[in-house]
Amino acid sequence: MYNINQTFFSASPLEQFEIIPLIPLELFGLNMSLTNASIFLILSVALSIFWSTLVIYKNKLVPGNWQSVKEIFYDTTLTLVKDNLGKKGYRYFPFIFTLFTIILYCNLIGMVPYSFTVTSHIAFTFGLALAIYIGINIIGFRTHGIKFFTIFLPKGVPLFIVPLVVAIEFVSYVVKVFTISIRLFANMTSGHTLLKIIAGFVWTMISIGGVFVYLQIIPLVLLLALVGLEIGIALLQAYVFTLLTCIYLNDVLEMH
Amino acid sequence: MNVTLQSAKMIGAGLATIGLTGVGAGVGIVFGSLVIAYSRNPSLKNELFGYTILGFALTEAIALFALMMAFLILFT
Amino acid sequence: MNVTLQSAKMIGAGLATIGLTGVGAGVGIVFGSLVIAYSRNPSLKNELFGYTILGFALTEAIALFALMMAFLILFT
Amino acid sequence: MNVTLQSAKMIGAGLATIGLTGVGAGVGIVFGSLVIAYSRNPSLKNELFGYTILGFALTEAIALFALMMAFLILFT
Chain A
1 MYNINQTFFS ASPLEQFEII PLIPLELFGL NMSLTNASIF LILSVALSIF
51 WSTLVIYKNK LVPGNWQSVK EIFYDTTLTL VKDNLGKKGY RYFPFIFTLF
101 TIILYCNLIG MVPYSFTVTS HIAFTFGLAL AIYIGINIIG FRTHGIKFFT
151 IFLPKGVPLF IVPLVVAIEF VSYVVKVFTI SIRLFANMTS GHTLLKIIAG
201 FVWTMISIGG VFVYLQIIPL VLLLALVGLE IGIALLQAYV FTLLTCIYLN
251 DVLEMH
Chain B
1 MNVTLQSAKM IGAGLATIGL TGVGAGVGIV FGSLVIAYSR NPSLKNELFG
51 YTILGFALTE AIALFALMMA FLILFT
Chain C
1 MNVTLQSAKM IGAGLATIGL TGVGAGVGIV FGSLVIAYSR NPSLKNELFG
51 YTILGFALTE AIALFALMMA FLILFT
Chain D
1 MNVTLQSAKM IGAGLATIGL TGVGAGVGIV FGSLVIAYSR NPSLKNELFG
51 YTILGFALTE AIALFALMMA FLILFT
């Protein structure tokens, strides 16, 4: 009997994260080929620009439904910056807003079946986090000069444990880059892997046949609940990434 | 890759998943304290729910560190 | 698939399921604090029960991660 | 590097990741107490959130100690 289970069920649940070079391009020895990751990144940028301009096109005082969604989106980012960075943070608001948009769109586009989640690759999230980290340090040096190193010494620390506190503060300062990028990366990867495995269950249950064809409703319902959870996590992780960037920026601007 | 290494990877990944224990309790604690805090002072819509979700997201991240480690062991 | 790998998978899956310990405690904590919160301020029908169910569902998600890992080890 | 050493590294890294258990619970406790503290005395913006983030950062550092140890075992 031709077993459809083998052919359709892909090699492993992680197979969905493979980067496939679509247009191989060699530029001075560098592999600049256009891969499915870059295509989906371009797609999410184009979509966010397209949707924003479309919504702002007919700007009405009483916002239509699309415009109110955009306003909510704008407003959450604004309160985010206002709460965490205060007045001096308004200079960085455009950057924070674009950061929030790009991660949100990458995460949400990743939820579409057969699409590719750009943020499920450590290269993308770590590159983004490192760029922000270097930027934050530059801002720190520019605003505080050499006094910037007092960031490792919180106020009111008794003298004799100062070296210990400085060491721990230094480690947790350096570690921020890794935690912020691995958090986004790991959430996206294992969330999608979980969906793939449960979907695999449904598929193998159907292909076994017999009573299992009815039993596959259970993992199917579970799959629906998990898709809801995944969309929630996609929104949440974009928000958390942006919030932590604001908090780290605030740590640097306002020396405690 | 020979079998002993393959089976050691299985056991290693299984061990790494034990790291999820604390996170299960952590998420329970965060929502438990949300419920108590809400009953004490139901001025909800301001920061209360926001902090719980933030706390949940950051606790979730620890679970994902452990899972990422498990995947690393399993597949590399 | 030879025997050693098969047995290692069994052990790995067994170990991965230990991750559920915390979730058990977490769900207990969430409902425990619901009981306390309800006794302190029996305005139940509003958000109180809703948050407990939300907390339970998100703690359950951690259990799913651990079980996913166990199945992954067992079957691939 | 012979296979037994390689597989021992896998198991060692898996064992080291178990250290994340406490951090998961710890982060949950920090944010749980933030929520309760905020509901009790919502003068938030001053020290309350600052201390939570400080506490969270230091707890996170412990998680990274454990993960660093796991990487050390795995790759050296």
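Residue numbers (UniProt numbering), protein chains in the order written: chain A, 1 to 256; chain B, 1 to 76; chain C, 1 to 76; chain D, 1 to 76. For glycine and all other residues, C-beta sits at the position ideal for the given N, C-alpha and C.
Presumed contact (8 Å Cβ cut-off) between residue i and residue j, rounded CB distance
i                : j                : result
Tyr38 (chain B)  : Tyr51 (chain C)  : 6 Å
Ser115 (chain A) : Met188 (chain A) : No, Ser115 (chain A) and Met188 (chain A) are not in contact; Cβ-Cβ is about 12 Å, not under 8 Å.
Ile62 (chain B)  : Val23 (chain B)  : 5 Å
Leu253 (chain A) : Leu226 (chain A) : With 8 Å as the limit, Leu253 (chain A) and Leu226 (chain A) do not qualify as a contact, their Cβ atoms being about 40 Å apart.
Thr77 (chain A)  : Ile102 (chain A) : No, Thr77 (chain A) and Ile102 (chain A) are not in contact; Cβ-Cβ is about 12 Å, not under 8 Å.
Leu25 (chain A)  : Met32 (chain A)  : 5 Å
Thr17 (chain D)  : Ala16 (chain B)  : 4 Å
Candidates the options: closest to residue i by CA position
i                     : options                                   : result
Ile218 (chain A)      : A:Ile103, A:Ala199, A:Pro94 and A:Leu27   : A:Ala199
Asn137 (chain A)      : A:Val177, A:Ser115 and A:Ile182           : A:Val177
Val112 (chain A)      : A:Cys246, A:Ser44 and A:Asp251            : A:Ser44
Gly55 (chain D)       : D:Ser7, D:Leu5, D:Gly28 and D:Ile18       : D:Gly28
Thr242 (chain A)      : B:Asn2, B:Leu20, B:Ala13 and B:Ala57      : B:Ala57
Leu67 (chain D)       : D:Lys45, D:Gly12, D:Pro42 and D:Asn46     : D:Gly12
Glu60 (chain D)       : A:Ile122, A:Ile182 and A:Val202           : A:Ile182
residue 268 (chain A) : A:Ser172, A:Ile139 and A:Thr143           : Summary: the structure shown does not reach residue 268 (chain A), with chain A confined to residues 1 through 256, and so no result is reported for it.
Thr179 (chain A)      : D:Lys9, D:Leu64 and D:Met69               : D:Leu64
Met205 (chain A)      : A:Gln216, A:Ile197 and A:Thr35            : A:Gln216
Asn46 (chain B)       : D:Asn46, D:Ile53, D:Leu15 and D:Val35     : D:Val35
Ala186 (chain A)      : A:Thr150, A:Glu230 and A:Val174           : A:Glu230
Thr53 (chain A)       : A:Gln67, A:Pro63, A:Val62 and A:Leu61     : A:Gln67
Ala46 (chain A)       : A:Phe152, A:Glu18, A:Val174 and A:Thr98   : A:Thr98
Lys196 (chain A)      : A:Leu224, A:Val213, A:Ala123 and A:Phe28  : A:Leu224
Ile168 (chain A)      : A:Phe152, A:Phe160, A:Pro158 and A:Val157 : A:Phe152
Ile39 (chain A)       : A:Leu184, A:Gly110 and A:Phe28            : A:Gly110
Contacts of residue i in chain B (Cβ-Cβ under 7 Å)
i               : result
Leu48 (chain C) : Val35, Tyr38 and Ser39
Leu22 (chain A) : Neighbours of Leu22 (chain A) on chain B: none; closest Cβ ~24 Å, over 7 Å.
Secondary structure of residue i, DSSP reduced to three states
i                     : result
Thr204 (chain A)      : helix
Pro13 (chain A)       : helix
Ile20 (chain A)       : coil
Thr7 (chain A)        : Because the pLDDT at Thr7 (chain A) is just 48, under 50, the model does not fix this residue reliably, and the point stays unresolved.
residue 320 (chain A) : Any property of residue 320 (chain A) remains undetermined from this structure, which presents chain A solely from 1 to 256.
Tyr2 (chain A)        : With a pLDDT of 47 at Tyr2 (chain A), under the threshold of 50, the modelled position of that residue is not reliable, and the figure given next carries that caveat. Here Tyr2 (chain A) sits in coil by DSSP.
Asn2 (chain C)        : coil
Leu20 (chain B)       : helix
Thr76 (chain D)       : coil
Asn46 (chain B)       : coil
Leu30 (chain A)       : strand
Thr35 (chain A)       : strand
Lys58 (chain A)       : coil
Ser7 (chain B)        : helix
Thr117 (chain A)      : coil
Leu67 (chain D)       : helix
Leu15 (chain C)       : helix
Gly140 (chain A)      : helix
Pro158 (chain A)      : coil
Gly86 (chain A)       : coil
Gly210 (chain A)      : coil
Gln237 (chain A)      : helix
Met111 (chain A)      : coil
Under 8 Å from the C-beta of residue i: neighbouring residues of chain A
i               : result
Met68 (chain B) : Ile182, Phe185, Ala186, Thr189 and Ser190
Proximal chain A residues relative to residue i, where beta-carbon distance stays under 7 Å
i               : result
Phe31 (chain C) : The premise fails here: Phe31 (chain C) is roughly 20 Å from chain A at the closest Cβ pair, so nothing lies under 7 Å.
Partner residues on chain D for residue i, Cβ-Cβ distance less than 8 Å
i                : result
Gly22 (chain C)  : Thr21, Gly24 and Ala25
Ile168 (chain A) : Leu58 and Ala61
Thr53 (chain A)  : Ordered by position in chain D, no residue passes the 8 Å Cβ test against Thr53 (chain A), which lies about 36 Å from the chain.
Interface residues of chain B facing residue i [CB-CB closer than 8 Å]
i               : result
Leu44 (chain D) : Glu47
Leu14 (chain A) : Phe71 and Phe75
Proximal residues of chain C, C-beta to C-beta of residue i below 7 Å
i                : result
Ile197 (chain A) : Met68, Phe71 and Leu72
Leu30 (chain A)  : Near Leu30 (chain A) there are no residues of chain C at all, since even the closest Cβ is about 35 Å away, more than 7 Å.
Chain-ordered chain C contacts of residue i [CB-CB under 8 Å]
i                : result
His194 (chain A) : At residue 194 (chain A) the sequence reads Leu, which differs from the His that was named. The contacting residues are Leu64, Phe65 and Met68.
Closer than 7 Å at the beta carbon, the chain D residues around residue i
i                : result
Ser172 (chain A) : Ala57, Leu58, Glu60 and Ala61
Distance cut-off 8 Å: residue i Cβ against heavy atoms of the ligand HEM
i               : result
Phe65 (chain C) : Of ligands this structure carries none, so the ligand HEM is not represented either.
Positions along the stretch 237-254 of chain A whose CB lies within less than 8 Å of some CB in chain D: Ile247
Short-range partners of chain C found in the stretch 53-67 of chain B, where Cβ spacing is below 7 Å: Phe56, Ala63 and Leu67
Interfacial residues, the stretch 1-17 of chain D to chain B, with Cβ spacing under 9 Å: Val3, Thr4, Gln6, Ser7, Ala8, Lys9, Met10, Ile11, Gly12, Ala13, Gly14, Leu15, Ala16 and Thr17
Contact residues within the stretch 125-141 of chain A, judged by C-beta distance below 8 Å to chain D: none
Contacting positions in the stretch 65-86 of chain A - beta carbon closer than 8 Å to chain B: none
Residues from the stretch 208-231 of chain A in contact with chain C, defined by Cβ distance under 9 Å: Leu222, Ala225, Leu226 and Leu229
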